[in-house]
């Protein structure tokens with residue numbers, strides 16, 4: 009958990025901005041009211057080299073789960089609902105079966121580098137709620153730690169985080185942003201306008 013691990017004492021303030029964006033991009037409901045202007049395939053990972061592909065192996069076959077963001081050579085930011093199983097407490101079953109792929113924007117292209125997950129940290133306040141065919145997630149944040157570090161390159165690099173003291177860390181309503189995520193085996197991007205939770209609920 010976050011409060012018991014020293015790495016988060018150093019990271020948590022710097023990733024606030026990134027976490028906000030991440031929640032906007034990856035908290036998915038069945039009925040979405042936000043439609044992108046267009047989307048585009050990203051076969052090369054040079055445009056967004058911090059994006060990774062999270063997969064789970066079952067019976068020797070790997071299945072795509074979600075996207076993630078490279079915080080450091082060995083730490084990946086992911087939405088908690090992508091990996092967690094929650095009853096009274098949240099946990100990650102058989103986390104060594106989770107694989108992280110970096111270095112390519114397509115599962116069918118070369119250049120992909122694989123790492124195995126060795127540990128995980130789920131936000132202590134993470135909760136799931138389902139009603140009326142919709143899912144809601146609260147504090148939907150988790151970090152994966154890898155067995156071996158990624159070697160950084162022009163195709164694999166850490167996401168740029170705000171520096172301490174940056175004043176422009178919070179998103180203005182209707183600000184245009186780029187949404188990045190995985191489609192059917194391909195990394196894709198689109199442009200969207202951010203809205204407040206209050207406006208989205210109208």
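Numbering (this note's numbering), first residue to last: 9 to 210. Even for Gly, the Cβ is constructed at its ideal location relative to N, Cα and C.
Practice problem: Whole angstroms is fine: what's the gap from residue 190's alpha carbon to residue 74's? | Solution: Here the question's residue 190 lines up with position 182 in the chain shown. Here the question's residue 74 lines up with position 66 in the chain shown. Those two C-alpha atoms are separated by around 7 angstroms.
Worksheet item: For the alpha helix (DSSP H) that contains residue 89, what are its first and last residues?
Response: On the chain shown, position 81 is the one that residue 89 refers to. Looking at the DSSP string, the run of the alpha helix (DSSP H) that includes residue 89 is 88 to 91.
Worksheet item: Between which two residues does the beta strand (DSSP E) harbouring residue 197 extend?
Response: For the purposes of this step, residue 197 is identified with residue 189 of the chain shown, where counting begins at 1. Membership of residue 197 in the beta strand (DSSP E) is indicated by the continuous run 195 to 201.
At the level of alpha carbons, what is the spacing between residue 61 and residue 76?
Here the question's residue 61 lines up with position 53 in the chain shown. Here the question's residue 76 lines up with position 68 in the chain shown. Cα to Cα, residue 61 sits roughly 6 angstroms from residue 76.
Just to confirm before moving on: does the CB-CB distance between residue 167 and residue 107 stay below 9 angstroms?
Residue numbering aside, residue 167 sits at position 159 when the chain shown is read from its first letter. Residue numbering aside, residue 107 sits at position 99 when the chain shown is read from its first letter. Against a cut-off of 9 angstroms, the Cβ pair of residue 107 and residue 167 comes out as no contact.
Whole-number beta carbon distance between residue 105 and residue 64, since they are thought to touch under 8 angstroms: Your numbering for residue 64 matches position 56 in the chain shown. Your numbering for residue 105 matches position 97 in the chain shown. Rounded, the Cβ-Cβ distance is 6 angstroms, consistent with contact.
Exercise for the section: Answer yes or no: do residue 151 and residue 59 have a C-beta to C-beta separation smaller than 9 angstroms? Expected result: Here residue 151 refers to the residue found at position 143 of the chain shown. Here residue 59 refers to the residue found at position 51 of the chain shown. Using a Cβ distance threshold of 9 angstroms, residue 151 and residue 59 do not count as a contacting pair.
- Buried or exposed: where does residue 69 fall if 16 or more other Cβ atoms within 10 Å of its Cβ makes it buried? Locating residue 69 in the chain shown gives position 61, counting from the first residue. Result: exposed.
Q) CA-CA distance, residue 155 and residue 124? A) Position 147 of the chain shown, counted from the start, is the residue given in the question as residue 155. Position 116 of the chain shown, counted from the start, is the residue given in the question as residue 124. Pairing residue 155 with residue 124, the inter-Cα distance amounts to about 6 angstroms.
Check: Near residue 122, which residues of its chain fall below 8 angstroms by C-beta distance, leaving aside the five closest residues on each side in sequence?
Finding: Residue 122 sits at position 114 when you count from the first residue of the chain shown. Same-chain partners within the cutoff: 107, 108 and 109.
Ignoring anything shorter than 3 residues, give me the beta strand (DSSP E) runs that lie fully in the region 123 to 149, in order along the chain. Segments of the beta strand (DSSP E) lying fully in the region 123 to 149: 135 to 139 and 142 to 146.
Open item on the list: Residues in the same chain with beta-carbon distance under 6 angstroms from residue 138, minus the five sequence neighbours each way, listed in chain order, please.
Closed with: Reading the chain shown from its first residue, position 130 is the one you call residue 138. Leaving aside the five residues that flank residue 138 on each side, none in its chain has a CB nearer than 6 angstroms to its CB.
(message) Measuring straight from C-alpha to C-alpha, what distance separates residue 36 and residue 161?
(response) Position 28 of the chain shown holds residue 36. Position 153 of the chain shown holds residue 161. Caution applies to residue 36, whose pLDDT of 38 falls short of 50 and renders its modelled position unreliable; the model cannot decide the point.
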